[in-house]
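Before any comments, here is the structure.
Numbering (my numbering), first residue to last: 2 to 354.
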């Protein structure tokens with residue numbers, strides 16, 4: 002059992018490293034197929050930084066303490082004779098005893114300190130209670146046993162999730178452009194299902210808002226799209242590029258365009274990370290006149306300045322590096338698409354570096 006656990010951990014690390022290296026090789030190709038399947042474009046930092054981030058995420062003082070405790074317990078109990086050094090079947094090796102202590106300690110730690118139950122906070126109306134019960138929001142969270150650190154879950158699971166899309170067929174989108182209040186152009190990207198069955202006009206619509214520097218090709222957007230498609234919903238991504246998250250008129254124009262095209266369809270929205278900056282101000286302004294019947298903010302970033310300071314204090318430098326490059330991408334994208342942009346040539350060159 003112990004040997005299998007260590008083999009599984011090594012295989013996971015190897016798969017992560019190979020996936021990241023494979024991605025960076027595919028990323029350098031300029032073919033149309035590689036362009037469609039680029040899954041990690043929003044990370045945009047070298048492979049050595051990704052491997053360093055992976056190593057940092059796997060290093061944990063808890064692992065060190067459990068290892069030292071296992072070594073000390075084995076040595077102490079064998080020295081005073083509580084643990085035998087020989088059995089009828091043969092000699093009991095020191096390493097086997099240490100691994101037994103290690104797995105036992107790890108399972109206890111995993112059971113009582115890692116497994117968590119969500120803390121729900123809501124106004125206890127009949128409707129809200131029914132939602133929490135039917136959605137089973139009180140289920141326990143069971144991380145992968147060897148990825149109990151939040152850093153390891155963030156780094157490795159993101160790499161594996163992105164790598165998965167290099168093996169799958171790319172999603173197809175249909176773009177619809179519309180003019181906003183200041184003459185700029187925005188797009189609504191409708192997912193095009195490979196199935197020939199048409200959807201009726203009353204089909205529920207799920208509007209997706211991606212995070213900072215994101216696109217419709219981010220892995221979480223594509224997974225939400227396929228989840229909605231599996232339930233027969235119509236999915237649309239609002240490609241929001243303006244670097245003014247408190248501006249609500251773009252969102253109002255997008256909702257007006259969707260409502261004009263599908264007046265009978267119930268509307269829902271999911272905003273991820275910085276997408277909450279687009280959704281929350283819009284809901285605050287619209288109030289009860291909002292066209293949505295349900296909205297969800299996933300890991301909503303509602304105070305970017307505090308979030309950036311917190312990220313800068315972490316030991317894993319890849320977070321700060323990724324956030325800086327995402328911010329530069331947001332500024333560059335805003336300049337490229339804003340017809341009223343006043344960015345100077347020197348500022349544009351600085352963004353391209």
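C-beta: ideal position from N, C-alpha, C; glycine also.
Spatial distance of residue i from residue j (CA atoms)
i	j	result
residue 146	residue 164	21 Å
residue 196	residue 258	25 Å
residue 237	residue 211	11 Å
residue 78	residue 63	22 Å
residue 280	residue 76	58 Å
residue 218	residue 297	20 Å
residue 171	residue 235	17 Å
residue 418	residue 342	Residue 418 is absent from the structure shown; the chain starts at 2 and stops at 354.
residue 288	residue 270	15 Å
residue 307	residue 119	24 Å
residue 160	residue 293	33 Å
residue 162	residue 111	23 Å
residue 151	residue 115	10 Å
residue 318	residue 301	22 Å
residue 126	residue 290	20 Å
Proximity of residue i and residue j at Cβ, strictly below 8 Å
i	j	result
residue 303	residue 272	no
residue 227	residue 268	no
residue 233	residue 204	yes
residue 283	residue 230	no
residue 213	residue 274	yes
residue 177	residue 186	no
residue 138	residue 99	no
residue 142	residue 117	yes
residue 242	residue 326	no
DSSP beta-bridge partners of residue i
i	result
residue 372	This structure cannot settle anything about residue 372, because the visible part of the chain is limited to 2 through 354.
residue 191	175, 237
residue 207	236, 269
residue 186	180
residue 117	142
residue 298	272
Proximity test, Cβ basis, 8 Å: residue i and chain B
i	result
residue 72	The structure shown has no chain B; it contains just one protein chain.
Cβ-based burial, residue i [other Cβ within 10 Å; buried from 16]
i	result
residue 295	exposed
residue 340	exposed
residue 215	buried
residue 140	exposed
residue 173	exposed
residue 182	exposed
residue 245	exposed
residue 102	buried
residue 225	buried
residue 81	exposed
residue 136	exposed
residue 148	buried
residue 263	buried
residue 36	Note that residue 36 scores a pLDDT of 36, beneath 50, so its modelled location is shaky; the value from the coordinates is reported in the next line. With fewer than 16 Cβ atoms within 10 Å of its Cβ, residue 36 is classed as exposed.
Would you be able to state if there are at least three C-beta pairs under 8 Å between the stretch 306 to 317 and the stretch 247 to 258? With the cut-off at 8 Å, the stretch 247 to 258 and the stretch 306 to 317 do not touch.
Determine contact between the stretch 148 to 158 and the stretch 192 to 206, defined as no fewer than three beta-carbon pairs at a distance below 8 Å. With the rule of 3 Cβ pairs closer than 8 Å, the stretch 148 to 158 does not count as touching the stretch 192 to 206.
Would you call the stretch 102 to 109 and the stretch 128 to 142 in contact, with 3 or more CB pairs under 8 Å? The count of Cβ pairs closer than 8 Å, one atom from the stretch 102 to 109 and one from the stretch 128 to 142, stays below three, leaving the stretches out of contact.
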